[in-house]
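Protein chains: 2
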Amino acid sequence: MSGGKLLQPEELKQSLLSVGPERYHHKHPFHLLMHEGKLTRRQLQAWALNRYYYQSRIPVKDAIILSRSTDADFRRAWLKRITDHDGVDHPGGIEKWIRLAETTGLDRAAVISERSILPGVRYAVDAYLHLVSQRSLLEAVASSLTEMFSRDLISLRLDALRQHYPWLESGLMYFTARLTQAPEDATFALDYVIRNAHTRAEQNLVIAALRSKCDILWAQLDAIHFAYVTPGWEPPASFTGTEA
Amino acid sequence: MSGGKLLQPEELKQSLLSVGPERYHHKHPFHLLMHEGKLTRRQLQAWALNRYYYQSRIPVKDAIILSRSTDADFRRAWLKRITDHDGVDHPGGIEKWIRLAETTGLDRAAVISERSILPGVRYAVDAYLHLVSQRSLLEAVASSLTEMFSRDLISLRLDALRQHYPWLESGLMYFTARLTQAPEDATFALDYVIRNAHTRAEQNLVIAALRSKCDILWAQLDAIHFAYVTPGWEPPASFTGTEA
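Protein chains in written order, with the working numbering: chain A, 71 to 314; chain B, 71 to 314.
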């Protein structure tokens, strides 16, 4: 992990950016089906329901990162993520995700109950909390850099969802908010990582942390795809929603 | 720890309140000397310097508590503590404490460096972070309930400091802010604890957590008192400030 000479800031940025095409979940078969309009309403429900678990743990993840910094400037900047997601004076990201899930036809209480979350989704999200707790603060910050890639995916997704699933329109405010929030957050985190990865070994750890985060996103879709798209099988405690 | 029958809300409140007279640090010899005007400027400096370590870790402690809750309502309420202390649109508690330390004649950089923090102070504060990480969320919240007692101590201290150390006046805004913040925070935490301690065993754990927190405050003053008040001895890496 320590091989090579120190990357210049622009080189480190390019190395981080190259992780996107390599393994960001925009290429996952489940997303490809979504963007082609080939998912049923039930499959969209399963996605919204399971992904809620990820959404619900984002402020927990950010509070862990907050708790690991003794720099008040850093904490002041990072706090925005928690208020964006929990919503202080206005509906936050979690509430917006619940509304998306409701728009797919799910009951709010069923979503919040977390009863039907697939084990694979749960483990992946819990692995994210573990990553930000156990690896260095630098790596924890770097793991958030999937936000560098999310704007393009969300733009594409918004177009695709509006085209193929027009009945979802009123539930899309989560994504429209993230179009501006994610790049702001990514800019801060990228700057932090570039300033604080002082050795090539640290730079390599930072790149590895971003790869790990991509895996965490990917694995959630694997679990959903296997349970709700792959024919002929369904998990024991599977979500039973309204058939499209 | 599980003995006895369930306490009614008012009984639990009275049990918690009784911890104050028993072991809150208003009775510590160091505070008694302060309130009688018997501390030198150097001893006040040692107090401000060491207590900075406690202040600086409060948002870390609150972020740990934040990270342990999956309830967005709880997080929204608890977040106020972090913004109060870090200061988002205005100087927060940490900045106000630094200004108090500066008013005693200390250099800001020396305070922030944490170089001269006594080991005993450090261990006590670290024990607080450990408590909120490792005990239940309920106990972590309960440990904050020393705020029920702080208003009276701060009122007394403000009067005493103004009388005996009038040159400290311009540094007292930390305490004037806490006069309103602490009771607000204590009200929320007390309500939470009463609603969430469902068994006598949990109620006992809650009371024990408040005692532990009192010990954490007390032990900090022990370390300061032994190093800077007890005659004839000084710790190796002791703070060397301006003699009064």
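Glycine included, every Cβ here is placed at the ideal spot set by N, Cα and C. On a predicted model such as this, the values are computed, not experimentally measured, just so you know.
Excluding sequence positions up to five away, which residues of its chain have a Cβ less than 6 Å from the Cβ of residue i?
i, result
"A197/B", "I286"
"S203/B", "I134"
"A279/B", "E209, A212 and S213"
"Y298/B", "Q113 and A116"
"L228/A", "F245"
Secondary structure at residue i, three-state DSSP: helix, strand or coil?
i, result
"G107/B", "coil"
"P301/A", "coil"
"Y235/B", "coil"
"L82/B", "helix"
"P327/A", "Past the boundaries of the shown model lies residue 327/A; chain A is included only from 71 to 314, so the question cannot be answered."
"D196/A", "helix"
"R281/B", "helix"
"L77/A", "coil"
"H98/A", "coil"
"I187/A", "coil"
"T216/A", "helix"
"S88/B", "coil"
"T269/A", "coil"
"T173/B", "helix"
"R138/B", "coil"
"T312/B", "Low confidence applies here, because T312/B scores a pLDDT of 46, under 50, leaving its location unreliable and the question unanswered by this model."
Can you pull the chain B residues whose beta carbon is under 8 Å from the beta carbon of residue i, in chain order?
i, result
"L149/A", "L149, I152, T153, D156 and V158"
"I224/A", "Correct list: empty, because the minimum Cβ distance to chain B is about 22 Å."
At 7 Å on the CB atoms, spell out the chain B contacts of residue i, in chain order.
i, result
"I134/A", "S137"
At a CB-CB cut-off below 8 Å, which residues of chain A make contact with residue i?
i, result
"T110/B", "The premise fails here: T110/B is roughly 30 Å from chain A at the closest Cβ pair, so nothing lies under 8 Å."
"R121/B", "Ordered by position in chain A, no residue passes the 8 Å Cβ test against R121/B, which lies about 16 Å from the chain."
Could you give the residue range of the alpha helix (DSSP H) that holds residue i?
i, result
"K150/A", "A142 to D156"
"R248/B", "M243 to N266"
"Y94/A", "Segment: none, Y94/A is in no alpha helix (DSSP H) and carries neither H nor E."
"S183/A", "R178 to S183"
"L207/A", "L207 to A212"
Going along chain B in order, which residues have a C-beta closer than 9 Å to the C-beta of residue i?
i, result
"A142/A", "S126, P129, H155, D156, G157, G162, I164 and E165"
Once the 5 residues before and after residue i are set aside, which same chain residues still bring their CB inside 7 Å of it?
i, result
"P129/B", "I152, H155 and D156"
"L231/A", "L238 and L242"
"S282/A", "L201 and S213"
"A256/B", "L215, E217 and M218"
"R221/B", "L249, A252 and P253"
"R178/A", "I168 and E172"
"Q125/B", "G163, I164 and W167"
"R205/A", "A279"
"W288/A", "R93, H95 and H98"
"D292/B", "G190"
"L176/A", "Q115, A118, L119 and G311"
"I277/B", "S85, L86 and V89"
"K131/B", "Y198, L199 and V202"
"S240/B", "T173"
"I224/A", "F245, R248 and L249"
"N266/A", "L208"
Among the residues of its own chain, which have a CB less than 8 Å from the CB of residue i, if the five just before and after it don't count?
i, result
"R145/B", "L136 and S139"
"G339/B", "A query on residue 339/B cannot be resolved here, the shown segment of chain B reaching from 71 to 314 and no further."
"L226/A", "H96 and H105"
"E304/A", "A297 and Y298"
"V181/A", "A118, L119, Y122, I168, A171 and E172"
If the cut is a Cβ gap below 7 Å, which residues of chain A does residue i touch?
i, result
"R169/B", "The premise fails here: R169/B is roughly 14 Å from chain A at the closest Cβ pair, so nothing lies under 7 Å."
"R146/B", "D156 and V158"
If you measure from the CB of residue i, is any heavy atom of the ligand SAM nearer than 6 Å?
i, result
"E272/A", "Annotation note on the ligand SAM: not contained in the displayed structure, which lists no ligands."
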